[in-house]
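Residue numbers (numbering that gives the first Met the number 0): 0 to 787.
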Amino acid sequence: MKTANLFLAIAGCFAAVSAFAEAEGLTDKEIDRLIGRMTLEEKARLLVGTPGCRDSLSHRTEGAAGWTCALPELGIPSINLADGPVGVRIDPVPSTAAQVVYDEAGVPVGTLAGDAAEGAPTRYCTCFPSTTALAATWDRDAARRQGEAMGREARAYGIDVILTPGINIMRNPLCGRNFEYYSEDPLLTGRLAAAVIEGIQSQGVGTSLKHFVANNQQTGKKVNDARMTQRALREIYLRAFEYCVRKAKPWSVMGSYNRIAGEYTQTNRELMIDLLRGEWGFDGLVLTDWTVRRPTAGLLEARSALIMPGDEEIVREIVETVQSGTVKESVLDACVRDVLRLVARSLTAQGWSPSEPDLGAHAALSREIAGESMVLLKNERDALPLKTPQRIALFGATAYKSIAGGTGSSNVNKAYVRDICDGLRDAGFTLDERLRSLYEKYVAYQNEALDRYPDCPAWQKVSYHRTVLPEMDLSGNPELIDRQVGACDAAVVVLGRGSGETSDRVVEGDFNLTDAEHFLLERVAAACRRTGKRMVVVMNVCGVMEVASWRELPDAILMAWFPGQECGDAVADLLTGKVSPSGRLPMTFPLRYEDLPSSKNYPHVGQTEGRNFDYTLYEEDIWVGYRYFTTARREVAYPFGYGLSYTSFEYDDPEIRRRGQGWELSVTVRNTGRRAGREVVQLYVEAPEAEYAKPEAELRAFARTGLLQPGDEERVTLRFTDYDLASFDEARSQWRTDRGAYVARLGRSAEETILSVPFRSGSAHSWRVRDLLAPAGPITPMQVERAR
């Protein structure tokens, strides 16, 4: 009798798993019936993350960020979620998969975690270029292909949801996490992030759009109240989220730690219910960011359904909250439904089995995207591309230990990092032997001196604990620089900067150069000028740095960002001309840090309380990045959208026409130079003035040509809607596109217009929205008027 009951119970369990495997056919009614069978404790457990399940309907992928709770008696498996802004973050150990256990009669009696098969491959993942670098490609196709590759790796290793993309706006260059965000502009951010989401989810793997919203600083981020006008919130900080939710439909959204409108985002009903679900139509799961506790009842009421990573105390709190009547069970059921719908779509519920991704093909893609992302900031005397073979005086510690990516959740456990020195050598350059020997000894010394985890596994030294080296101080032997430059054909100096989610950056010695770096650049430049040699600077850095004080020293400057695991080869591709640079800056480089309006309202590292820690006033309002500098006519080092090429392009025959609820602008782009290359066409629109101030012009569309040979041309079409043109009218709580005369500016940056095309909107358009998320305290927003 007991055996028969056990058989029936397990048969029912696996029937439920089969229902989950029919993910597309699992209706809300079927989910509701399943919820009806659940006890209050089972519902509570489903909303609380677990350390991982080894003995239930699931599989375990070591190194995943978290797991949902399995309910084997109901056939509900555990699914896993992994970090992944630039690649799937899991531990590189052989995969394990759950195995069904049968009795002597062939009846299934449970599951066990399976051991890895002998000879099973190590599960390395591909480290793609930093998200900022991806944004610098201005290439939606590249973003989608990267997403597809990440999705294939997640699928192979059994990851159900990748916690990506992060799309907070770069309001200030000192944010320690900027390297894993996209841009200062919401349109560029939203378009590329949506493509990543679509790419990942095309592989049957979910995404988690983050960090919702205004997580723009690391200092105080767990308590900070981001205080801004509703216009700034809508136009700058929410717009990319809105586009991704409406266009790409991510399976889940992750709430940020900080507060908005005085309330923690994860318990903010206006944000999570009224805006995200009511206005934007989001129908997926909202989950919390990791480890920080928020009031349980508030999470449930805001439908932040999955609490990560979770513990038993939270399970008890959920049960008690419902039993006491503080939260209605119908509210709890809505949260449970969100989790079940996600689980039903997962790889695990579909019957996942391990496989091997094509890491070689993905490494080639990473190298390609890195090459597309690099921005040529300067190129005088035709310094680049460098001819091979040549003898190179290669300076800079980061040349010999290069930086693939930032630290924190964006770490990817890759098999290797290609250093710049190796990439140049393999590309045919001969590196000065004395410099190579000196730097290799310095790198070895610094590795030992800075290694805080000397006993960690070797794979961790490539990722989690890979040291970022300070520059070697050569001021004690300046003649060394003179001799080695004189013995070589050209000099290359590599600057390095690390960054991570645990801290913001500082101005001195980080945003600005160190004394050792200044000395190195000045001495190499002087030696090159005396001997007629070319000098190239490669910036293997996290993001914006001060360049105005030293950019006149080298002949060429290449912004390489964090280019991923293929760093050295990708840099070599650009320096040799194998790839013609086509990257464009996704943010503005100011002359000085103090020129940024947000510099007046940003915390300092080490701050523990007060203004800019407990709360931050976004007094710059909508005037973020180029919107401020172009409108106020303030000089910058390099403008948003800027980037040089090894060839030249001509624009011709622009035509704009009305198409449905928007506009379509076409222009012919011709390669007029002597090398093949790609062009990024940027469309900025100048809107008619209104009773509220508007920027001089705003990015409203962009496109990237194919590879054009000399003399080739391509007809490029850019599309934008009436809604894309809208500004937020805070007084009326509505989006507005005004009637009147507009100017479409086709350009190579926010400041360089190639062609202007006037057009007229014969009628105004408006979209009324609820009056939501007013700041918790007074704001005095900056006033900027268009220069006349």
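Beta carbons: idealized from backbone N, C-alpha and C, even for Gly. None of the values given here were measured: they were computed from a predicted structure.
*Secondary structure at Glu663, three-state DSSP: helix, strand or coil?*
strand
*Provide the residue span of the beta strand (DSSP E) that contains Phe701, from first to last.*
697-703
*asked:* Please list the terminal residues of the continuous alpha helix (DSSP H) segment that includes His210.
replied: Looking at the DSSP string, His210 is not in any alpha helix (DSSP H); the run it does join, the beta strand (DSSP E), is 205-211.
*Identify, in the order they occur along the chain, each residue of the same chain with its Cβ nearer than 8 angstroms to the Cβ of Gln660, setting aside the five sequence neighbours on each side.*
Thr720, Asp721, Tyr722
_Does Lys221 come out as helix, strand or coil in the three-state DSSP assignment?_
coil
*Compare the beta carbon distance of Leu706 and Leu682 with 8 angstroms and say whether it is the shorter of the two.*
no
*Between Asn378 and the rest of its own chain, which residues show a CB-CB distance below 6 angstroms, the 5 nearest in sequence each way excluded?*
Ala555, Leu643
*So what does DSSP say about Pro477, is it helix, strand or coil?*
helix
*On the three-pair Cβ rule with 8 angstroms, is the stretch 157-168 touching the stretch 592-608?*
no
*Which same chain residues, not among the five before or five after Met781, have their C-beta less than 7 angstroms away from its C-beta?*
Pro596, Glu618, Glu619, Asp620, Trp622
*Can you tell me the Cα-Cα spacing of Phe13 and Arg583, whole angstroms?*
Interpretation of Phe13 is limited by its pLDDT of 38, a score under 50 that renders its predicted location unreliable; no figure is taken from the coordinates.
*Please classify Val100: is it buried, with 16 or more other beta-carbons within 10 angstroms of its beta-carbon, or exposed?*
Bear in mind that the predicted position of Val100 carries a pLDDT of just 41, short of 50, making it too unreliable to give a figure here.
*Could you tell me how far apart the beta carbons of Leu82 and Ser408 are, in whole angstroms, since I believe they sit closer than 8 angstroms?*
Leu is not the amino acid found at residue 82; the sequence shown has Asp there. So it is a contact: roughly 4 angstroms between Cβ atoms.
*When DSSP builds the beta bridges, which residues end up paired with Ala555?*
Asn378, Val535
*Buried or exposed (CB count within 10 angstroms, at least 16 for buried), His58*: buried
_Unbroken stretches of the alpha helix (DSSP H), 4 residues or longer, contained in the stretch 576-618_ = none
*asked:* Does Arg796 pass the burial test, meaning 16 or more other C-beta atoms within 10 Å, or should it be called exposed?
replied: Since the displayed the chain opens at 0 and closes at 787, residue 796 lies outside it and no answer follows.
_For Thr779, three-class secondary structure by DSSP_ = coil
*Who are the Cβ neighbours of Asn214 in its own chain at under 7 angstroms, not counting the five residues just before and after it?*
Asn167, Lys220, Ser255, Tyr256, Asn257
*Counting pairs of beta carbons, one from the stretch 279-290 and one from the stretch 25-35, are three or more of them closer than 8 angstroms?*
no
*Own chain, CB closer than 8 angstroms to Ile89, minus 5 neighbours either side, in chain order*: Thr60, Glu61, Gly62, Ala63, Ala81, Arg122, Cys124, Tyr156, Ile158, Asn412
*asked:* Going by DSSP, what residue range makes up the alpha helix (DSSP H) through Glu439?
replied: 432-449
*How is the alpha helix (DSSP H) around Leu33 delimited, first residue to last?*
27-35
*Could you spell out where the alpha helix (DSSP H) holding Glu319 opens and where it closes?*
311-322
_Spatial neighbours of Lys209 within its chain, please: C-beta separation below 6 angstroms, excluding the five flanking residues on both sides._
Gly165, Met253
*Is there contact here, the stretch 574-593 with the stretch 543-550, by at least three beta-carbon pairs under 8 angstroms?*
yes
*Less than 8 angstroms separating the beta-carbons of Gly404 and Phe612?*
no
*Exposed or buried, Lys327, counting other C-beta atoms within 10 Å across all chains shown (16 or more means buried)?*
exposed
*With distances taken Cα to Cα, identify the nearest neighbour of Asp399 among Leu375, Asp488, Val493, Pro356.*
According to the sequence as given, residue 399 is Tyr; it is not Asp. For Tyr399, the nearest C-alpha among the options comes from Val493.
*How about Leu574 and Leu375: do their beta carbons lie closer than 8 angstroms?*
no
_Cβ contact (3+ pairs, closer than 8 angstroms) linking the stretch 193-209 and the stretch 142-154_ = yes
*Where Leu270 and Thr264 are concerned, what is the direct C-alpha to C-alpha distance, given to the nearest angstrom?*
7 angstroms
*Three-state class that DSSP yields for Val416 in the structure shown*: coil
*CB of Ser251 within 8 angstroms of CB of Leu341, strictly*: yes
*Is the stretch 734-746 touching the stretch 235-251, taking contact as three or more C-beta pairs under 8 angstroms?*
no
*From Arg677 to Ser182, what distance separates their C-alpha atoms?*
21 angstroms
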